[in-house]
Structure formats: C-alpha cells, structure tokens
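> Okay, handing you the structure first.
Structure below.
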C-alpha cells in the first residue's frame, strides 16, 4: 500500500506575530510565511509550537490557517497544526484545516492529565475518522507532557491516514527504533534541531524546524548534502549551524526567532504574555552566533 | 503585617461532571459540591486539576465558579482555579472569580513554552494587580511543565496578595525549604496526596485534595490528629488511607474519583474526551481498596 | 517469629581518618569512635559510606572493624559495613566481622554492572548462609548504582537473618511502602539525613547518620521528641539542624564531617585521594551553619 | 602540537573469563584476545567494563595486562584499563601498564563519593605525571557515578598526555559539543554501542566496543563504509547489527558476550559472582538476534 506522505526535506515553521496590544498580526504573518517559501523551504507548518498554537483562540487559529494557505498558494505543501486538549476541538480544527485546503495536519496529544495509550489511540482514531488528509503524529513529551512509546506510535500507524511521525524527544535511539521496527517505508521526521545530522544519518525523511526563519541556506544545504550521500560535507555544514540550533531551542523558539529576525532587520512584531522578549544579554549572544554562522558559511 | 490566609485544614476539590454528550452538568456538579461541604471539608476548590480546568471553555469555567459559590453559600471559604496559558485570560477569570464572591484564587503558571522566572513573576504580578482577594501560587511541574524554585516562590510572596503556596512536586524537602527559608508565618499547602503525613509533620497549613469525594472521614481524622499533636494516631490513620491516595493519583484524579463515586452509588456523570473511564480491572482494584479503607476504619 | 533487631534510635557513622601520607590512622579513629559513644549515640556503624569503605584495602577494613569493637567494648551495639563488589569478598568480610564480635553487618549491593534482582537476592543469600548475626540490607542507588525495589526488599526479608532495611533513596514514599506492605514489625532505618523528620513520622525504627560527629545533642533530642509522640517539639528541633544536614549531604559526608570536626577543634586527620578537603569558602559556610545550630539550640 | 593518538577504527574489548571456581582463566583469555586480533579489530582494550576490571584483585589485573600484551605481540595497539577508586592504586596500575608495554591507558574517574571537578582534574593530573604514554579519559556516568561535563573534559585535555576522550553517556549531543568546542583535532571515541552510526556521523575517531567478540565483520564493515563517506551503506550495515548492540548493552556486556560466544560454539568460561549467566529465555532471544544478523548480512 502506498502511504500518502506529502512532505520531505526542510519543513519550515513560522512564528505567529502579534501587534503591540497582543492581537494576532495577520498581514505581518503573511510576510513571514512568504520569506520561508521564497527562500526555498520544502513545506510550511503553521500553528506549531513555534506558532504558539496553544496561546491562540479558535478564531485566531482559523485566521492563521487561512492566511498560510492564501500566501503559500500551492507552491509547497502546508502542514497545519490542529492540536487541542479535547478531542472535540481537535476534530473541529482538523476539519477546518482540510476544508481550507491544508495538505496534512499535525497532531500532538496535548495533555494536562497524562493520557493512557488507549486514550491517545482513540483520540487519533476519532480525528482521523473525520478527515481524509493525512496526519502527522507528533511526539514531544517536553511540551505535551506525554511520551508516546515506539509501540504506541506503531499502533497509531495502523490508522489509515496516520502516515507520518514527528519525533522530538531529542533521543536518536527513538528514530533507530522507528526505522528498525516499522520498516523502511515509515516516514519519520526530526523535530529536535540539534539532532538534525544524527536524524538524517538514521534515515529521517525530513526536518521540521523554525531555523529557516533565520538561516535557510544552511538548513537547505544540509539537506542537499545528505540527499547526495555526502556526509563529510553534511557534517561541516551541520557544525556551522549547531550553535544557532542549540540557542533557539534553549531560549524557546518564539522568543529566539523573533529576536533573530529583528537582528536581521525584519519586523517580527510582539509576543503574547506571559512570553517576554529575550534579554539584552541574550540578544547579544544571538547576534554573535548569527554573525559566526555567516562568517563560517562564506 | 498580617497576611490574608483564608484556608486551613482539608481543602476539597470537586470533579467537573459531564452529561453523556460531554457538556458540563451543572446540577450534578452542585450535588457533588454539597457532599463535600456537608461531610465537613474546611474549604472548596473548584476548577483545579481535578475539575479539569484546562478542558473547559471560558463560559463553562464561569458557570462552574458561579455554581460553587451558590451551593457553598458562605458555609466554608471557596478557592477558585483561574489558571490559563495567557496572562490576559488569567486576569479575566481572576476578576470574574472575585466579582462572583470567591475568597481566593489559585494560579498555576501553565506553560507550553517553559517560562522564565521573570515571565512567571510578571504573570503573577499582572494578575495580582487587578484583584484584591489573595492568591495561592501553585507549583506542580507534572501538570504545568514548569517547576518554580523555592527562590522564585520566595520572590512571588513579595507580591502583597500572593499569600499562600501549594506545593505538589511530591518532594517533602521543598516544604522543609519553604518553612526554613520563608519562616513560620508562610502558609504552605500540600497538594501531593501520598505526602499528606510528611507535609503535616513539616508544618503544612492545609491539604489540598480530591480524596474527600471518597473518604472524607479519614481525611478529616488525619487533620484532627495532627492538630492535636498526636502523631502516633496520625500515622495509623494515614496508613489506612495510603493505598487509596496512591491509587487516585496514579490513575488520574478525575478518572479515579468518578469511578469511586460510582462504586459508592453516587452519580458522577461522564468524562470529557480524550479522558476515558477506568478499565474494569482498575475499577475492581479501586473497589478492593475502598473496602479495605472502610474495614480498617471500623 | 521474633526478628533479631539490635538497633534503634541514633546509629552513628564515624569517618575513617588518614595520616598525612594517606594511611589509615587507627589511634585517631578510636578517639572519634569514643566521642560518638560518650555523647550518647545508640549504635556505632564503622565502614559505611562515611567511613569510605570502598577506598580501603582488605587489611585496612579488618583493622577498622577490630578497632571499633575494642573501643566500643559492648557499651552499644556495633553495625559493621562489609559490602564489596564480589560475593566472595563480601562473605569474607562478613565472617570476619562476626568473628570479631560485631552485632550485625550492613550490606549494600555494590554494583559496577547493574545487578539483576536475582543476582542481588543470591548475593545476600550467599552471605547470609555463612554468618549467624543479622544483616541490614542497605538501599542507596546514588552510591551503589542499583535501586532495590520495595518488592525486592520484601523478598530479601524472607532470608532469615536479613532483618533490617536501611533506605537512603531520599524518597519518603519508599518508607510508606515498606511500612504498608511489610507490616508493623519490619524494622526500617532512614539513611537520608534531610528526611529524618519525615522518616520518623512514617515509623522508622532508627536514623543512620554521620551528623552525631558534629551535633549529637540535636540528633538525640529529635529522637527523644519523636519517641515521646511530641511532634511539635520534633519539628522545631528538626528545623534547627536541617541546614547542617543538607550541607553535609551536599558536600559529601567524609569531607564535610572532617571539616566540621576541625572547626570544633577536633583533629580528624586527612582524606585519601582523590577526595580533597572542602574549599575555604565551603568551610566558611559550614562554620556559619554550625554557629547557627548552636545559637538556635541555646 | 601533534597529539599522540594511537587508536582509530574499531577498538575491541575482551571479556575476562573465569574458571568454574571463579579464578581468572588466563589461557582462555588469550584465546579470546586472539580471536579479536585475527578477525581484524584495530585495537585491543583489556580491563574495561567488559573485562570486569573492578571485580579483579591487583594481581589479577596485572596478569590480564601482561597476557594481552604477550598475545597481541605488537600486531595492533593495546589500551589498558587502569581505573581505581583511589589515586594511589590508579597510579600503580598505570605505571605497571606502561612498563608492560601498553600503548595507552584508559581511566574512568570511578567514584563512590561523587567527585568534584577539582578532584577529578587532580586525579588525572597525578596519574599523568607518573607515566609517559597517552591517557584516554573515559566518561560513563552509568558505571562511574560521575558525569564529566564537556567543560571538565576540555580542561583535562590541557594535561599533555591526556589526548583522547571516550564518551559513553549515550547522548550524541555530547559528541557534537566536543567536536564544536574542542576543534577538529580532538580525538573522541564512542563507547555507546547503539550510538555507533550517530557518533561516526558526528566525527568520532573510533568505536570502543565489545561487539567484535560476536560480530566483527559487521562492526568493521560499518567503519569501512564511514571511512569511505558512504552513509547509505553505513546506515544499512548499522541497522543490521542494531538489535544485537541494544541487546548486549541492556543485558550487561560480560553476561551477554559470554552467552553469545557460547552460542557460537566458543568456550568463554564462567562469570564471577554476583554476576550470573543470562537466563534461558534471554539466551534464546540472543540466539534469534544473532541468527538474524547473519541472515541479513548474507
């Protein structure tokens, strides 16, 4: 059976910018999406963690999905985040994304109360039954509070339109397990930036990352080197961007990407409270790291 | 300065029951609150983790707060949960709770992106500035995703109406630190059920617990023994209820309390998906544990 | 069946002092043991972690055991540490301790390769079969590298002369489990200094501690308050000594006890490399903590 | 400055076999070493964790070192393990190994009491000052109990004859840090078997492993593919051996290697208590895994 897998390569995550009074700034969001598409990313993923999905109202989420699809306009596939604590709201947003034209939806089993495997399976099954586009199951215990075991991920893949797995535990052994247990045909994606090289070495189909907001050339060059089976080149390119990848993860992607865009002269709006901008000291560190990336690239 | 501390003893957490089609069942909720008041709890805390706060819409939260205050009718103080991912929504619900007549609000720094200490402080400060009733700062990294250090909790207590701390890390050393560093006058509450005895030994002012939905006498007897400086009795009473406390924590409070109420012949409605009822095997375990509690009590 | 349980109350752990060229200083060791006995400790435990057991040669261990028994001369019971990585050496030292006159031996399942439950059980069983005095099974994953589950500890207690358990995970829930599952008659001892109050509240028979080297009155007063069912007094006494207990644990007992003895004007010799003395800054902290303990006691 | 780095590629770790009455079996040990050399390993490392170093007496360690050097007879370089809890014993064995003809020594900062960075640095410095051959600093918190930070490893490399680092935390990010912070010229080795692919991708100079006792061809083929910049081939070869690598790690290398050798018809002697053989069920699993490795290789 041929699985429906619309993504590979570099899947870029835009931030959701806000106006000074903390409402979503849709025109600015479209500009940020355009930068990602025109600089060569292979897919666009709005409403991820980078896009502060859980901090948005239902109406705001819908506006962001629609704006993404309008701006991308079919140039690359769109992966819409539709995760919610309740099954009912997840279904609602998954259906909205499908109707709006998204190529796939990404779902993390958000949890306040730690969910059982059975609850997670039913949650995915309930959503999958209501849409026809494929689902990327996303495992990231650091933000969701629940760690989906390889065995559970294997079970989720039995649901027909759950076709992709995004792994963000930061443990490359998970990817080894997925590839070994689920076979060559499973499409797994890396969501842990500092694992980019190890994940591609392990056979990842793509890299889900906010880094293309700041260093799209380095991200794309890494993928090209990997695709060309040239790991000596891949290793050099990876080490050139590693400090930036570590920094944006350690500081929180929305904060760090916004600060980096501003350093590059690009308006990225405001954050929504309680999230606050990087401190002056942190911004100085980021400036140095960005400068070093460019210097090493030349 | 005399701090405003309206709670001590056993602060009971009601579940939020749902109808079969997963809407909030307010009449049934009022019955469950009445049971807690009439069986002797010293305070009522709606919209906690037990009350599945994060799974409710704004309107549902408001209805639950109003229903609690109507039913309690001043017999014991009410502590309303108003936590939200965004500062704006937290302020909104804190103001609503105050206007509705709550005696205090409980706030956990919910986080999807791990918050910095500065962000958490500003979050509490922003809410505290908009209300006059006291705030209980709630630390529970297992559900909030962020662990407030003793140093941060100490800083939060400098905000005038942050007067109480609820500690749910499950580490009794945290309570030792709070008492040692913050002095005798700090009011700290235990939110980890299996730590009830150790927390009272460490000087906790109260115990925040969902257990009075099932075993109010044992919970109240423990507090009475402690208040009477009779630890040999306290130890016996604690060990009689320990297995139940461990069980309801390990299975998730909403699931376990609902199942326990049903075993006691009390209607507790439905859960909201993705949360599912205990399995038949788990329900059987709970039945045995409840029976043993009663047998040992007699 | 009446179990053979020779210890209760405060079981004191002497350090093993060295001469300047790092050989064991037996005469000085005897003086340090004498201080512990004459200040009122209820038992003496040489060759524990505090006594740097694993850093000593076979001959040195034997000399320390003999010196302890000579100096204590039957005034209080002696618990000799005989742990070793291999079963053969553990049996050797257990037999030696019995022949020398020790009242019991303490055995931690030291492990380089993480031992299976079966290996641990056979290890204890092999040793127990070669001696007639009782064994205290000691669980301390931080130093041994293996965490014995409550289920395994329960199994070990089926060996006739394994009659005591020393718990040093620092998790009071373990003690709750031991008491609840193994019954009132099991003798469990607390080996985590900052848990002293919580452990006694949970029903611990004794406290295994190096603190009597520095503050014997406070340690003994805590036990007396507990034995008299006066927890309000116990709490006050506990909080007076808590900072010292935390300090000696965080800095490593041999280093901290040696530094504290020197501050009290008592010769404690040298450490064996790679262990090094506390820094001047750490020693200053300890001086302040010791002074505060005394001030609060007066 | 050109660092003295005598190892690259596959560095093979022999087990230390025992006779039925648990004495070291030197003639059998020599046969096992011969197998590793003649099947193509690039270096031999006796007295590692696999060789149960900490379970041996001083005399036994010396006999094993001498036997290795006699059997290898200069065909490949020899890396002798000389770790000990005390600095004095570590120096003793390091000098012995040098005099016996070892090419380098491996030292892990064994610790019962968690060592400070200063203590670890002095320990290495003291040993390094007494020998002229290079030292491989070995970081493996799971067995040593202490985790050397990248900053400390960087400091250790300032000691002239500390020229190599073996990283066994199982976290590929540590290797990224070492390469990024310490520069291209640092020689780091992977000691975590399931990380073999990720470590080579990250630039590891060699792989320290017991696996060549069982599957030397697969281990060597992986290195050849990597050295040839052919990562597609490397990935395939890695996945063929992954289950075996995971199995031998999870069961403990001495137990698993001994069982595997026996399954291959090779006498591997006995273990020293408390270590016990794999169970029949575990041996059956290993048989299946070994069979699958061979089948996939063909």
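Protein chains in written order, with the working numbering: chain G, 1 to 298; chain V, 299 to 596; chain S, 597 to 894; chain Y, 895 to 1192. C-beta atoms are modelled at their ideal positions from N, C-alpha and C, and glycine is treated no differently.
(1) Can you find a CB in chain G that lies within less than 8 Å of the CB of residue 552 of chain V?
(2) Which ranges would you report for the beta strand (DSSP E) in the stretch 1051 to 1115 of chain Y if only whole runs of at least 3 residues count?
(3) What does DSSP give as the partner residues of residue 901 of chain Y in its beta bridges?
(4) Give the secondary structure of residue 1045 of chain Y by DSSP, where H, G and I count as helix, E and B as strand, and everything else as coil.
(5) Evaluate contact between the stretch 686 to 698 of chain S and the stretch 1010 to 1020 of chain Y, counting only Cβ atoms and requiring at least three cross-stretch pairs below 8 Å.
(6) Quick check on the burial criterion: 16 or more other C-beta atoms within 10 angstroms. Buried or exposed for residue 770 of chain S?
(7) Kindly confirm or deny that the stretch 7 to 23 of chain G and the stretch 366 to 380 of chain V touch, where touching means at least three C-beta pairs closer than 8 Å.
(8) Tell me which residue opens and which closes the beta strand (DSSP E) that residue 105 of chain G is part of.
(9) Under 8 Å, Cβ to Cβ, is there at least one residue of chain V near residue 798 of chain S?
(10) Give the straight-line distance between the Cα atoms of residue 476 of chain V and residue 1119 of chain Y, rounded to the nearest whole angstrom.
(11) Beta carbon of residue 666 of chain S: closer than 7 Å to some heavy atom of the ligand PLP?
(12) Report all residues from its chain with a CB closer than 7 Å to the CB of residue 1131 of chain Y; omit the five preceding and five following residues, and keep chain order.
(13) What did DSSP end up calling residue 1006 of chain Y once you bin it into helix, strand or coil?
(14) For my contact list, residue 104 of chain G and residue 148 of chain G are in at a C-beta cut-off of 8 Å; report their separation, rounded to the angstrom.
(15) Along the chain, where does the beta strand (DSSP E) containing residue 974 of chain Y start, and where does it finish?
(16) Extract the residue ranges of the alpha helix (DSSP H) inside the stretch 942 to 984 of chain Y, only unbroken runs of 4 or more that lie entirely within it.
(17) Should residue 533 of chain V be flagged as near chain S, meaning a C-beta pair shorter than 8 Å?
(18) Can you give me the C-alpha to C-alpha distance between residue 964 of chain Y and residue 741 of chain S, rounded to a whole angstrom?
(19) What residue does the alpha helix (DSSP H) around residue 555 of chain V start on, and which one ends it?
(20) Can you tell me whether residue 639 of chain S is helix, strand or coil according to DSSP?
(21) Hey, how far is the Cα of residue 561 of chain V from the Cα of residue 481 of chain V?
(22) Return no unless some Cβ of chain G is closer than 8 Å to the Cβ of residue 1031 of chain Y.
(23) I want to verify the contact list: residues of chain S whose CB lies under 8 Å from the CB of residue 916 of chain Y, in sequence order.
(24) Looking only at its own chain, which residues have a Cβ that is under 6 Å from the Cβ of residue 440 of chain V, when we skip the five neighbours before and after it?
(25) Counting only beta-carbon separations shorter than 8 Å, does residue 207 of chain G have a partner in chain V?
(26) On the DSSP bridge list, what partners appear for residue 135 of chain G?
(27) So, under 8 Å CB-CB, residue 707 of chain S and residue 980 of chain Y are touching, yes? Tell me the CB distance rounded to an integer number of Å.
(28) Closer than 8 Å, Cβ to any Cβ of chain V: which residues of the stretch 809 to 820 of chain S, in chain order?
(29) Give the DSSP-derived three-state secondary structure of residue 696 of chain S in the structure shown.
(30) Name the DSSP beta bridge partners of residue 322 of chain V, please?
(31) If we ignore side chains and look at the alpha-carbon of each, how far apart do residue 278 of chain G and residue 11 of chain G end up?
(32) Look at the Cβ atom of residue 366 of chain V, then the Cβ atom of residue 344 of chain V, and state whether they are nearer than 8 Å.
(33) For the stretch 491 to 502 of chain V and the stretch 750 to 762 of chain S, state whether three or more C-beta atom pairs, one from each stretch, are separated by less than 8 Å.
(34) Note down, in chain order, every chain Y residue with its Cβ under 7 Å from the Cβ of residue 748 of chain S.
(35) Looking at the unbroken alpha helix (DSSP H) that takes in residue 1021 of chain Y, where does it start and where does it end?
(36) Between residue 525 of chain V and chain S, is there a C-beta pair that is closer than 8 Å?
The structure says:
(1) yes
(2) Assignment of beta strand (DSSP E) within the stretch 1051 to 1115 of chain Y, counting only whole runs of 3 or more residues, yields 1056 to 1061, 1081 to 1084 and 1100 to 1103 in chain order.
(3) According to DSSP, which records beta bridges pairwise, residue 901 of chain Y is partnered with nothing at all.
(4) helix
(5) no
(6) buried
(7) When Cβ pairs closer than 8 Å are counted between the two stretches, the stretch 7 to 23 of chain G is seen not to touch the stretch 366 to 380 of chain V, the count staying below three.
(8) 104 to 107
(9) By this cut-off, residue 798 of chain S is an interface position.
(10) A straight-line Cα-Cα distance of about 58 Å links residue 476 of chain V and residue 1119 of chain Y.
(11) As presented, the structure is devoid of all ligands, the ligand PLP included, so that no description of it is given.
(12) 1112, 1115, 1116 and 1119
(13) coil
(14) Their Cβ separation, rounded to whole angstroms, is 18 Å, which puts residue 104 of chain G and residue 148 of chain G out of contact at 8 Å.
(15) 973 to 975
(16) Within the stretch 942 to 984 of chain Y, the complete alpha helix (DSSP H) runs of at least 4 residues are 952 to 966.
(17) A Cβ of chain S is located within less than 8 Å of the beta carbon of residue 533 of chain V.
(18) 35 Å
(19) 551 to 561
(20) strand
(21) 43 Å
(22) no
(23) 684
(24) none
(25) With its beta carbon at least 8 Å from every one in chain V, residue 207 of chain G lies outside the interface.
(26) DSSP lists G/105 and G/162 as partners of residue 135 of chain G.
(27) About 19 Å separates the beta carbon of residue 707 of chain S from that of residue 980 of chain Y, a gap too long to meet the 8 Å contact definition.
(28) none
(29) helix
(30) Note: residue 322 of chain V sits in a beta bridge opposite V/316.
(31) 25 Å
(32) yes
(33) At 8 Å Cβ cutoff, the stretches do not touch.
(34) In chain order: nothing, as chain Y lies at least about 14 Å away.
(35) 1011 to 1022
(36) no
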